[in-house]
Amino acid sequence: MRDDLYDVMATVEDRFWWFVAKRRIVRNLIHRYGPDTQTHDQGSKPVLLDIGCGTGGLLRDMAQEYEVRGLDSAEAARKVCLDRGFEVQSCWLPDDIPVDEGSFDVCVMSDVLEHVEQDADSVEAAASRLKSGGILVCTVPAHMWLWTKRDEAHHHFRRYNRKRYEGIFADAGLEPVVVSWYMSHLLPIMIVQRVVVRVLGDKGNDDLTVPAAPVNWVLKKIFASERFWIGRFPMPFGASLISVHRRVQ
71 MRDDLYDVMA TVEDRFWWFV AKRRIVRNLI HRYGPDTQTH DQGSKPVLLD IGCGTGGLLR
131 DMAQEYEVRG LDSAEAARKV CLDRGFEVQS CWLPDDIPVD EGSFDVCVMS DVLEHVEQDA
191 DSVEAAASRL KSGGILVCTV PAHMWLWTKR DEAHHHFRRY NRKRYEGIFA DAGLEPVVVS
251 WYMSHLLPIM IVQRVVVRVL GDKGNDDLTV PAAPVNWVLK KIFASERFWI GRFPMPFGAS
311 LISVHRRVQ
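FYI, in this note's numbering the residues of the sequence shown are 71 to 319.
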């Protein structure tokens with residue numbers, strides 16, 4: 071992602087509906103399928119690794135319940151994290167992950183895999199850092215027909231269909247717990263927005279401007295409500311994909 075976007079992200083991620091709702095969804099899955107933080111190893115905290123942690127929003131959210139570690143390839147992101155009290159190490163997927171294998175109860179790659187050429191190898195590398203029984207939580211954007219200049223600004227290699235996404239986990243020693251579409255309720259709005267972009271021209275807007283408060287609140291509530299659906303009810307479509315896989319080897 072362009073370095074200048076990290077400073078923008080840091081100023082909006084606690085207000086912008088998309089960041090806030092997505093973290094709620096990811097946290098819900100961690101709480102549902104991850105270790106019991108109340109009984110883990112006689113009261114010690116389980117350990118969470120956020121690969122591609124960005125400006126550290128999830129690290130901060132999970133720090134009371136987990137011992138958190140963050141990795142990111144972008145120096146600008148690591149600097150923001152350091153300013154927030156988190157010392158994040160440099161990481162380049164799939165070969166440079168400077169943490170021990172078999173060390174983590176939870177690993178998160180939230181909107182990371184679309185940024186790396188070797189996505190299946192990156193999943194294997196992340197899975198190897200999990201303890202037996204640990205979980206890997208991933209999210210990716212879906213549908214190449216939703217591609218815009220925003221994807222280019224964020225240095226995406228691809229958006230995913232479900233078959234491609236499920237395939238990158240096949241050789242990683244993981245079993246699927248949840249694989250689901252998400253951002254489902256807002257997909258019609260996104261389709262309309264993409265049509266408008268194609269008609270009027272793609273200006274390359276990074277989509278990081280916080281909407282008016284009432285609009286932001288409604289979008290946040292709609293998107294965040296999916297945490298009650300994912301993994302419990304089929305989501306037949308969506309603008310993104312989300313999954314939980316458990317290490318079995």
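Virtual Cβ for every residue (Gly too), placed ideally from N, Cα, C.
Keep in mind the model is a prediction, meaning the values are calculated, not measured.
Secondary structure of residue i, DSSP reduced to three states
i	result
D175	strand
K115	coil
L270	helix
G203	strand
V288	helix
I238	coil
I121	strand
V265	helix
A144	coil
R228	coil
S160	coil
S198	helix
T81	helix
A320	The requested residue 320 is not part of the displayed model; the chain covers only 71 to 319.
For residue i, the nearest candidate out of the options (CA to CA)
i	options	result
P164	P258, R148, V158, I121	I121
V247	Q263, R97, S254, V318	V318
H213	S202, M179, C177, L257	L257
W287	R85, S180, I300	R85
H225	G301, K201, E184	E184
Y76	A223, S250, D170, E157	A223
V262	G237, A309, R229, L128	A309
S254	V82, W299, C123	W299
K233	I312, A146, R268	I312
D241	H315, D106, K149	H315
A195	G155, E171, R268	E171
K115	N98, E137, H101, C123	E137
L99	C177, L278, A147	C177
R264	G301, D221, L289, F227	D221
C208	V182, R229, W87	V182
G301	D175, R102, L200	R102
L289	V78, I259, L141	I259
R229	K201, V267, V186, F239	V186
S202	P211, Y235, D175	D175
G140	D74, E157, R297, W251	E157
S180	C123, A146, G204, D106	C123
Residue i to residue j span [Cα, whole Å]
i	j	result
P284	I292	12 Å
D153	A80	11 Å
V117	K219	36 Å
L206	L216	26 Å
G104	L270	45 Å
A144	L244	28 Å
S295	V249	17 Å
R72	T125	13 Å
F89	E83	5 Å
N231	G237	10 Å
R199	Q159	15 Å
Y252	F307	7 Å
F303	Y235	20 Å
D142	C161	5 Å
V169	G204	15 Å
D106	F227	36 Å
C-beta atoms of residue i and residue j nearer than 9 Å
i	j	result
L119	S173	yes
W87	V280	yes
L278	V150	no
A147	D74	no
Cβ of residue i within 9 Å of any chain D Cβ
i	result
S180	No chain D is part of this structure, which consists of one protein chain only.
contact_flag[the segment 133 to 140, the segment 178 to 194] where n(CB pairs < 8 Å) is 3 or more: no
Could you say if the segment 92 to 101 and the segment 164 to 174 meet the contact criterion of at least three C-beta pairs nearer than 8 Å? no
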